[in-house]
Amino acid sequence: MGWTRIAGFEDARSMIVVFIGPPGAGKGTQSRRLVEYLRVPHLSTGDMLRKAKAEKDPVGALAAGFMDRGQLVPDAIVMEVVGHRLEHPECQNGCLFDGFPRTLGQAASLDEYLRTHNRRISVVLELAAAEEELIARMKRRALTENRVDDTPETIHERMIVYERQTSPLLKYYRERGLLESVNAMRSPDEVFQDIQSRIEARRGS
Ligand code: B4P
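Here the numbering used here is used: the sequence shown runs in plain steps of one and ends on residue 1424.
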């Protein structure tokens, strides 16, 4: 498979964007807006894994226990799910990764995949928020969305998992000049405006 690309030309549709943030930071909320704006496919590993689980397919059955306990699904399973989706023609001109990569292993696998397809990440957006705010948001979400991983114990576990396994990615991408840290403790509209201006600045540079 090859990405269709004209050398030196990177328009909105060819952007590859990564969203990183602790649980409840608003990755899903902001991703849904940004894919409309950029007109690229939305690759949420959380959504893909929840779908696989609901459809009771073998990958979903393997992932379910980890998700319900608030732990990360093993890299091999996640890469299998993401790999399938990346091979799809709709992803050939860019995409938005929501909640992926979440470990240094996943980041290395993604880099390798993009390198062999002559592509690179355009920008990594960190959504940063204080823990009390995140817990309050997920408790509110528990009332409306009925997610099994939004119980107080699981929320606590997911926060620990983020600190240990995902936050090292911030340094990894900062060192590569790709990281933009966005204050997510504002209204969804304000957060999105900030994201848009950072995307435009990157595109213009
Ligand atoms: P995800 O689906 O990625 O879930 P999340 O981190 O909890 O949520 P997100 O940050 O998207 O929050 P949202 O916008 O909904 O992951 C779920 C699980 O799947 C993981 O725990 C793991 O087990 C597994 N998984 C997924 N990807 C994986 C990977 N790569 N590797 C291994 N395992 C993986 O926002 C939360 C709430 O806040 C919403 O109710 C929203 O309305 C509200 N909100 C959002 N922005 C707001 C704002 N600005 N102000 C006020 N409220 C706001």
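Note that beta-carbon positions come from the ideal geometry of N, C-alpha and C, so glycine has one too.
- request: Could you check if E1306 is buried or exposed, using at least 16 other CB atoms within 10 Å of its CB as the buried criterion?
  value: On the sequence shown, position 87 is the one that residue 1306 refers to. Exposed, because fewer than 16 other Cβ atoms sit within 10 Å of the Cβ of E1306.
task: Identify every residue that forms a DSSP beta bridge with N1402.
output: For the purposes of this step, residue 1402 is identified with residue 183 of the sequence shown, where counting begins at 1. According to DSSP, which records beta bridges pairwise, N1402 is partnered with A1347.
query: With contact counted as at least three CB pairs below 8 Å, one residue from each stretch, are the region 1243-1256 and the region 1322-1332 in contact?
result: no
task: State the beta-bridge partners of F1319 as determined by DSSP.
output: Position 100 of the sequence shown, counting from 1, holds the residue named residue 1319. BP columns for F1319 are empty, so no partner.
- prompt: Smallest Cα separation from Y1381: which of L1333, S1416, P1242?
  reply: Counting from one through the sequence shown, the residue named residue 1381 turns up at place 162. It is P1242 whose Cα lies nearest to the Cα of Y1381.
Range of the contiguous alpha helix (DSSP H) that encloses H1303: Here residue 1303 refers to the residue found at position 84 when the sequence shown is read from its first residue. Unbroken alpha helix (DSSP H) run through H1303: 1294-1305.
query: Of all the options I1340, E1394, Q1384, which has the alpha carbon lying nearest to the alpha carbon of R1421?
result: The residue you call residue 1421 lines up with position 202 of the sequence shown. Nearest of I1340, E1394, Q1384 to R1421, Cα basis: I1340.
- prompt: From M1404, E1409, D1368, pick the residue whose C-alpha is nearest to that of E1350; which is it?
  reply: For the purposes of this step, residue 1350 is identified with residue 131 of the sequence shown, where counting begins at 1. Ranking the options by Cα distance to E1350, first place goes to M1404.
message: Quick check on DSSP: helix, strand or coil for H1336?
response: Your numbering for residue 1336 matches position 117 in the sequence shown. Here H1336 sits in coil by DSSP.
- prompt: If you check the beta carbons only, do A1347 and S1263 fall under 8 Å apart?
  reply: Stepping through the sequence shown from its first residue, residue 1347 is reached at position 128. Stepping through the sequence shown from its first residue, residue 1263 is reached at position 44. Against a cut-off of 8 Å, the Cβ pair of S1263 and A1347 comes out as no contact.
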